[in-house]
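Chemist:
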Amino acid sequence: MKKIILILMLVFVSASLYADTVILKNRTKVKGLVVDEYVDRIALSTIDGEKHILRKDIDKIEYDAPEQNFMQLGRAYDEKGWYDKAAFYYKKAMDINPDYKEAMDAYVASHAKMWREEEKRTKKDIELHNMAIEWRTRKNKKIANVVKSKESLVKESVGLSLVEHDGVFRINEVIPGSSASQAGIKKGDFLIGIWGRLVRYSKLEDVLSELIGPKYSEVKILVGKDIPVPVETRVNMYKESGVSLSFEYEGLVVKDIISGKKGELAGLKKGDFVIAIDNNITRYLPMDSVIALMNNPKNNRIVFTVRRNINLRREGE
56 MKKIILILML VFVSASLYAD TVILKNRTKV KGLVVDEYVD RIALSTIDGE
106 KHILRKDIDK IEYDAPEQNF MQLGRAYDEK GWYDKAAFYY KKAMDINPDY
156 KEAMDAYVAS HAKMWREEEK RTKKDIELHN MAIEWRTRKN KKIANVVKSK
206 ESLVKESVGL SLVEHDGVFR INEVIPGSSA SQAGIKKGDF LIGIWGRLVR
256 YSKLEDVLSE LIGPKYSEVK ILVGKDIPVP VETRVNMYKE SGVSLSFEYE
306 GLVVKDIISG KKGELAGLKK GDFVIAIDNN ITRYLPMDSV IALMNNPKNN
356 RIVFTVRRNI NLRREGE
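What follows is the structure in C-alpha cells.
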C-alpha cells in the first residue's frame, strides 16, 4: 500500500512540475516547463532533459499559469508593433500575478516603444518642416545629410558597442564615463536581455534598435559576466564568501551579501542571478550541491557566472 501511495505521489509531483504544453505544427504535444524563450526558439525542460524547439515548428504554447498565456498574447502583439494592445495583455498578466517581473518589464517596455514611435513621428514632422524652410532659403546649395549608424547611436546613447558570434552578443567596448561604464559593465561581458526578453539568436540590427531611444529615457538590460572570487582557505567557503543564496522562480539568486567579505569585494551584488559556479549550471542543482561546489573549489578561486539587471540612462542626441 505504501508503495502505491509513493508512486501516486511521484506521478502527481511529475505532472505538476511539467505542466506547460507545446503543440507542434504536426499536432504532436510535448509537455515540460518552458525555462527560456528566445526570438526563434524555446528551451523546454522535460523528464528526458532540456530540449530546444524552434518557433517555426510550434503551433502554440499552452502554459499552466494563466498569466503566462496573457504574456504570450502580449508578445504576439508586440512583434506586430501593436504596442497598445501588447500593454493591455501585459497588464492582464500583472493583474493576475502582481509579482510577475517579466510582465512588469514588458509593460514598461511597450510604453517606451509607444513613446519612441510618437517621438519618431514628431521628429519626422519637424524634419519635413525644416527641410521646407531650407529648400526655400537655400535652393541652389546642396545640404549635407549625415546619417549615423545604429552602432554609433548606441555608443553615444548608452556607451557600449556589441559584437555578435553564433547568436551571442558580447560587449566589445565600454565608453569611459558613459551610462554603461557607471553601471559597472565591462568589456567582455555579455548582453543577455533587453526589457525582460532574451536577445540570443536575435539579429544585431534588432538588438541595436532596442537600445536606441529618446534622450534621458531608460532601458533595462540583462548583462552576463564572470566574477572570480579568490579562495584563501577551503574551510566553509560558502560562509567565508559572505554570500547568501536562495532559489526563486527565476533561478539561484544572491539574496544578501555581507559588506567587506570576499563575495562583495570580488564584485557580486545582491540581486545577481547565479547561472553557474565553476562552469557547473545551477538551474537543476539542489541547494546542498551548490554549497558543496563552493566548499570544494578545484582552484584558488571560484568563478560565478551571473546575470544582472541594469537600468541604463540614455544620453546623446
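Count along the sequence shown from 1, add 55, and you get the number used in the numbering used here.
Idealized CB from N, CA, C, for every residue including glycine.
Remember, it's a predicted structure, so these values are computed and weren't measured experimentally.
#1: Tell me whether S257 is buried or exposed, calling it buried when 16 or more other Cβ atoms sit within 10 Å of its Cβ.
#2: So K242 packs on I230, CB below 8 Å; how close in whole Å?
#3: K310 to D160, Cα distance in whole Å?
#4: Can you grab the Cα-Cα spacing for the pair R362 / P283, in whole Å?
#5: Which stretch, first to last residue, makes up the alpha helix (DSSP H) that contains K210?
#6: Determine, using beta carbons only, whether S100 and V89 come nearer to each other than 9 Å.
#7: Taking C-beta to C-beta, are N366 and V274 nearer than 9 Å?
#8: Between the region 292 to 304 and the region 246 to 255, do three or more beta carbon pairs fall short of 8 Å?
#9: Return the residue from the list N291, G239 and S264 that minimises the CA-CA distance to G279.
#10: Report the option in M126, R171 and V308 whose CA atom is closest to the CA atom of Y162.
#11: Runs of 3 residues minimum, wholly inside the region 97 to 173: which ones carry the beta strand (DSSP E) assignment?
#12: According to DSSP, is V218 helix, strand or coil?
#13: Using 10 angstroms around the beta-carbon of S296, count the other beta-carbons present and answer buried if the total reaches 16, otherwise exposed.
#14: Would K147 pass as a contact of E117 if the rule is Cβ separation under 9 Å?
#15: If the criterion is Cβ atoms closer than 9 Å, does the pair K203 and E228 meet it?
#16: Please check the pair E357 and I332, which I expect to be a contact at CB under 8 Å, by giving their CB distance rounded to whole angstroms.
#17: Can you check which of these residues, S236, G214 and A141, is closest to L263 by C-alpha distance?
#18: Please say whether D112 and L79 have beta carbons closer to each other than 9 Å?
#19: Only counting the same chain, and skipping five residues up and downstream in sequence, which positions put a Cβ closer than 7 Å to that of L348?
#20: Between which two residues does the alpha helix (DSSP H) containing A331 stretch?
#21: If you draw a straight line from the alpha carbon of G268 to that of N355, how long is it in whole angstroms?
#22: Quick one: what does DSSP say K346 is sitting in, helix, strand or coil?
Modeler: In short:
#1: Using a 10 angstroms sphere on the CB of S257, the tally of other CB atoms reaches 16 or more, which defines it as buried.
#2: Not confirmed; about 11 Å, so no contact.
#3: Spanning the two alpha carbons is a distance of roughly 21 Å.
#4: Answer to the nearest angstrom: the Cα atoms are 14 Å apart.
#5: Element bounds for K210: K205 to S212.
#6: Yes, Cβ-Cβ distance for S100 and V89 is below 9 Å.
#7: In this structure, V274 lies closer than 9 Å to N366 by Cβ.
#8: By the C-beta criterion, the region 292 to 304 is judged not to be in contact with the region 246 to 255, since fewer than 3 inter-stretch pairs fall below 8 Å.
#9: Nearest Cα to G279 within the set N291, G239 and S264: G239.
#10: Ranking the options by Cα distance to Y162, first place goes to M126.
#11: If we require 3 residues or more, the beta strand (DSSP E) runs fully inside the region 97 to 173 come out as 104 to 109 and 113 to 117.
#12: The three-state reading of DSSP puts V218 in strand, counting E and B together.
#13: Counting Cβ neighbours within 10 Å, S296 comes out buried, since at least 16 surround it.
#14: In this structure, E117 does not lie closer than 9 Å to K147 by Cβ.
#15: Pairing K203 with E228 gives a Cβ-Cβ distance that is not under 9 Å.
#16: The sequence as given places Ile at residue 357; Glu does not occur at that position. Your pair I357 and I332 checks out as a contact, with CB atoms roughly 6 Å apart and the cut at 8 Å.
#17: Ranking S236, G214 and A141 by Cα distance to L263 puts G214 first.
#18: D112 sits close to L79, with the two beta carbons spaced by under 9 Å.
#19: For L348, where only same-chain residues beyond five positions count, the Cβ hits under 7 Å are I332, D333 and N335.
#20: Counted as a single uninterrupted DSSP element, the stretch harbouring A331 is not any alpha helix (DSSP H) but the beta strand (DSSP E) occupying residues F328 to I332.
#21: Spanning the two alpha carbons is a distance of roughly 43 Å.
#22: The amino acid occupying residue 346 in the given sequence is Ile; Lys does not appear at that position. Helix at I346.
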